[in-house]
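*Asks:*
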Amino acid sequence: MKILAPLREAAEVQPLLQAGADEFYCGLTPPGWEEAFGKAWANRRNARSAGVSDLADMRRIVELAEGRPVFATLNSPSYPAGAVPRLVEFGRTLLDEVGVQALIVAEMELMLALVDEGLAPRLHVSSLASCRNPGAAAFYRDLGVARVVLPRHMTLAEIEATAIPGLEFETFILNDGCVFEEGLCATTHALGTYCMHDRVGGKYVQLDERYEFWRWLQNNSGCQTSRGFTLGPCGLCALPRLARTGVASLKVVGREASLARKAASVRLAAAALERARAGGRPEDIRSRVIELRGAPELCQGAHLCYYPDVWNGPKKGPGATSACASAADATPC
Amino acid sequence: MEYGLRLTRGDALPADPRAACPGPWRELLPPGPAVALYFGSEFCEDRLPTLAEALANCALAEAHALEPTLLTPLATPDALQRVQALLDGLEANDRQPAVVFNDWGVLGLLRRRHPDLPRRAGRLMNRSLRDPRAYRDAPDGCATHQGMRFARMRRFLADAGVTALESDADLDGGFLGDGAEALERTLHLPYAFAASGRNCALKALLYREGGGFSQAIADRCSAPCRAGPIPAPRADTPVPQWRAGNTLFFEVPPAALRGFIAHADRIVLHEEAAP
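If you're matching them up, the sequences are chains G and C in order.
Residue 0 is where the first sequence starts when you use numbering that gives the first Met the number 0, and the numbers rise one by one after that.
Residue 0 is where the second sequence starts when you use numbering that gives the first Met the number 0, and the numbers rise one by one after that.
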């Protein structure tokens, strides 16, 4: 299994390689995009806060990666009229001229256009495409794509059932949860984060404290770090089972995060992977993660788990208020 | 215009299909007959009907000369098997509903095992923007209705034997096209979904503190959302919104409707927001 690290600029490549990254992904908005398509995002993240600045820096990223794969996101859930031909041309430039190894794509119109161009073997299906079962995976395999990024909210058993032969699979491993499901959220962060202001209210108002705590966890525990490590959703204890399933790549989320956070996340993933490769059980990996990251109460309640079924049933942890208040050594961002 | 009905408050079919939706909408919609009865769920696999419920819906539809139309959601491996069992059971009982799919795995199932059932691409196949906050500065939504946006996808679906496209009134328009691909075009009203997922706040109520949400995504749910949608007003938009189980819906501003009706052959009217 490889650790897939997010990038925003060439200066981040070397530190992330040193931290243990095996692959990289990043987003670049095509030149002239804003003049043609206004503020529509080309790759699901704000270009200014999360994107590579220009083609020259993208070339530098590929050069500095020294043969490690660099993937480029073109993964907005939908695009304005006229954008797809432009993105196909840009995608070809990234692949053929810049040296990007694959494009990460969500929108079906763009995916079909790239497949028609003969580029299927260099496509990764974004998690936004919501591939959740073996039939859907077979559909993408028949298109000829190389890899499917599975959505965040799947159990390990569901991942095992979905990971059919003939495709690479990538799973989320660290950071940045999603209150809804990214592929099923039709709103845009350009207008602010829709889910963070969602309340249940009414006769169910008693649920709001629990809902707020859970949203807080998805938002990297209120955007906090502990000992420099992001306190976000985490699937590290599931590494042995993901390895047995044949998962190829482990996604660290956070293109827009600071280099310090990215590097710490990759270091944590590398330490956990090392423990898993040495035959460590989930409990051993959890101990190692707590030793490095701290905040044991968030692990003990399985609060941060991307894949809580690694524990064969929910663990009973501390109540919402106590875990919120006692995240050890936590520093707000 | 023809109409589909999705009834969630009972089995009584209105004489005029437009009576199924809130009052102000009735005057906005052109007259036309009801032709289909929709049941099932596009948003939650725990709201898939049992075989008995599906058979009852098929019987109700056929008693009123309507086409029974089964809605299916994005599916986990387990749900895909349940959809398969449901379709097998309906076929064994000589029922042949149209099937709305929102998952490529379900489409594969239809092509492989139930090639005679009419296939309709559901609302989640269109991932265009639907953000209720976007109407704050543009009350009519500003949809451009440029059909070229999805021309390749429509051809692909038509080649896969799909007979119809369905969509919400999103912020862009264009998904339904202009009919050139011989796909019937269906618009769902008056609610559009804004966000959905497996982490259902109402389901979490069934668990003690510390449970629910991500720790329970694969648990079957007794669907407390069947009691009906809950108003979910927000400070950042005046557009009415509802929480219906795992999904947030909003009422499409009537001003945004005009361009969409011109691109639809059928309108599916929902009595209330439902997953």
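Note that CB positions come from ideal geometry on N, CA and C, so glycine has one too.
#1: Between the region 95-110 of chain G and chain C, which residues of the former have a C-beta closer than 8 Å to a C-beta of the latter?
#2: Would you call the CB atoms of THR246(C) and PHE192(C) closer than 8 Å?
#3: Within 8 Å of any Cβ in chain C, is that where the Cβ of CYS298(G) sits?
#4: Helix, strand or coil: how does DSSP classify PHE23(G) here?
#5: Have a look at LEU27(C), VAL34(C), CYS20(C) and flag the residue whose alpha-carbon is nearest the alpha-carbon of ARG265(C).
#6: Here's a check: name, in chain order, each residue in its chain whose Cβ is nearer than 7 Å to the Cβ of MET124(C), leaving out the five neighbours to either side.
#7: Indicate whether LYS202(C) and GLY196(C) have their beta-carbon atoms separated by less than 8 Å.
#8: If you drop the 5 nearest sequence neighbours on each side, which residues of the same chain put their C-beta closer than 7 Å to that of THR154(G)?
#9: Of the choices GLU116(G), ALA270(G), GLU159(G), ILE163(G), whose alpha-carbon is the least far from that of TYR139(G)?
#10: Could you tell me the alpha carbon to alpha carbon distance between GLY191(G) and ARG132(C), rounded to whole angstroms?
#11: Skipping 5 residues on each side, what residues in its chain have a beta carbon closer than 6 Å to that of ALA105(G)?
#12: Name, please, each residue of chain C whose Cβ falls closer than 7 Å to the Cβ of CYS184(G).
#13: If we count Cβ pairs, one from each stretch, closer than 8 Å, do we get three or more for the region 29-45 of chain G versus the region 271-284 of chain G?
#14: Quick check on THR92(G): does DSSP put it in helix, strand or coil?
#15: Answer with yes or no whether the minimum CB distance from PHE212(C) to chain G is below 8 Å.
#16: For a contact meaning CB atoms closer than 8 Å, what does PRO307(G) contact in chain C?
#17: Just the C-alpha distance for LEU205(C) and ALA231(C), rounded to the nearest angstrom, thanks.
#18: Name the one or two DSSP bridge partners that THR246(C) has.
#19: For the structure I just gave you, are there three or more beta carbon pairs, one from the region 207-227 of chain C and one from the region 180-192 of chain C, closer than 8 Å?
#20: Assuming LEU102(G) and ALA71(G) form a contact by the criterion Cβ under 8 Å, report the distance between their Cβ atoms to the nearest whole angstrom.
#21: Taking 8 Å as the cut-off, decide whether the C-beta atoms of LEU111(G) and LEU86(G) are in contact.
#22: Could you pull out every residue in the same chain whose Cβ sits closer than 8 Å to the Cβ of LYS315(G), ignoring the five residues on either side in sequence?
#23: When Cβ atoms are compared, which residues of the region 138-154 of chain C fall closer than 7 Å to chain G?
#24: Three Cβ pairs or more, each shorter than 8 Å: is that satisfied between the region 139-157 of chain C and the region 249-263 of chain C?
#25: Can you give the Cα-Cα distance for LYS250(G) and LEU94(G), rounded to whole angstroms?
#26: Please list the residues of the region 114-132 of chain C that have a C-beta atom closer than 9 Å to any C-beta atom in chain G, keeping them in chain order.
#27: Could you run through the region 70-89 of chain C and flag, in chain order, every residue whose CB is less than 7 Å away from some CB of chain G?
#28: Are there 16 or more other CB atoms within 10 angstroms of the CB of GLU26(C), so buried, or fewer, so exposed?
#29: Return the residue from the list ALA120(C), LEU108(C), ASP45(C), LEU268(C) that minimises the CA-CA distance to ALA215(C).
#30: Is the separation between the beta-carbon of LYS1(G) and that of GLU22(G) shorter than 8 Å?
*Replies:* In short, the structure shows the following:
#1: Residues of the region 95-110 of chain G with a C-beta less than 8 Å from any C-beta of chain C: ALA105, GLU106, MET107, GLU108, listed in chain order.
#2: Yes.
#3: It does not: the Cβ of CYS298(G) has no partner Cβ on chain C nearer than 8 Å.
#4: It is a strand residue.
#5: Nearest C-alpha to ARG265(C): VAL34(C).
#6: Cβ neighbours of MET124(C) beyond the five flanking positions: ASN101.
#7: No, these two residues do not count as a Cβ contact at 8 Å.
#8: So the list reads TYR306, ASP308, once near-sequence residues are dropped.
#9: The residue from GLU116(G), ALA270(G), GLU159(G), ILE163(G) with its alpha-carbon nearest to that of TYR139(G) is ILE163(G).
#10: The alpha-carbon separation between GLY191(G) and ARG132(C) amounts to approximately 9 Å.
#11: The answer, listed in chain order, is ASN74, PRO76, SER125, LEU127, ALA128.
#12: Against chain C, the beta carbon of CYS184(G) has neighbours under 7 Å at ALA194, listed in chain order.
#13: In the pairwise beta carbon analysis, the region 29-45 of chain G is classified as not touching the region 271-284 of chain G: fewer than three pairs are separated by under 8 Å.
#14: THR92(G): helix per DSSP, three-state reduction.
#15: At least one CB of chain G lies nearer than 8 Å to the CB of PHE212(C).
#16: Result: SER213, GLN214.
#17: When rounded, the distance between both Cα atoms is 20 Å.
#18: Checking the DSSP bridge columns, you'll see THR246(C) partnered with SER195(C), ALA243(C).
#19: No contact exists between the region 207-227 of chain C and the region 180-192 of chain C.
#20: Distance from LEU102(G) to ALA71(G) at the Cβ level is roughly 6 Å; contact confirmed, criterion being Cβ atoms closer than 8 Å.
#21: In this structure, the beta-carbon distance from LEU111(G) to LEU86(G) does not fall below 8 Å.
#22: Model confidence at LYS315(G) stands at a pLDDT of 42, short of 50, so the residue's coordinates are unreliable and nothing is read from them.
#23: For the region 138-154 of chain C, which is checked against every Cβ of chain G, the residues closer than 7 Å are THR143, GLN145, MET147, ARG148, PHE149, ARG151, MET152.
#24: By the Cβ test, the region 139-157 of chain C is in contact with the region 249-263 of chain C, since at least three Cβ pairs between them sit closer than 8 Å.
#25: Their Cα atoms are separated by approximately 21 Å.
#26: The region 114-132 of chain C vs chain G, Cβ under 9 Å: LEU123, MET124, ASN125, ARG126, SER127, LEU128, ARG129, ASP130, PRO131, ARG132.
#27: Answer in chain order: LEU73, ALA74, THR75, PRO76, LEU79.
#28: Sixteen is the threshold: since fewer than 16 other Cβ atoms of the shown chains lie within 10 Å of the Cβ of GLU26(C), the residue is exposed.
#29: Comparing Cα-Cα distances from ALA215(C) to each of ALA120(C), LEU108(C), ASP45(C), LEU268(C), the minimum goes to ASP45(C).
#30: In this structure, GLU22(G) lies closer than 8 Å to LYS1(G) by Cβ.
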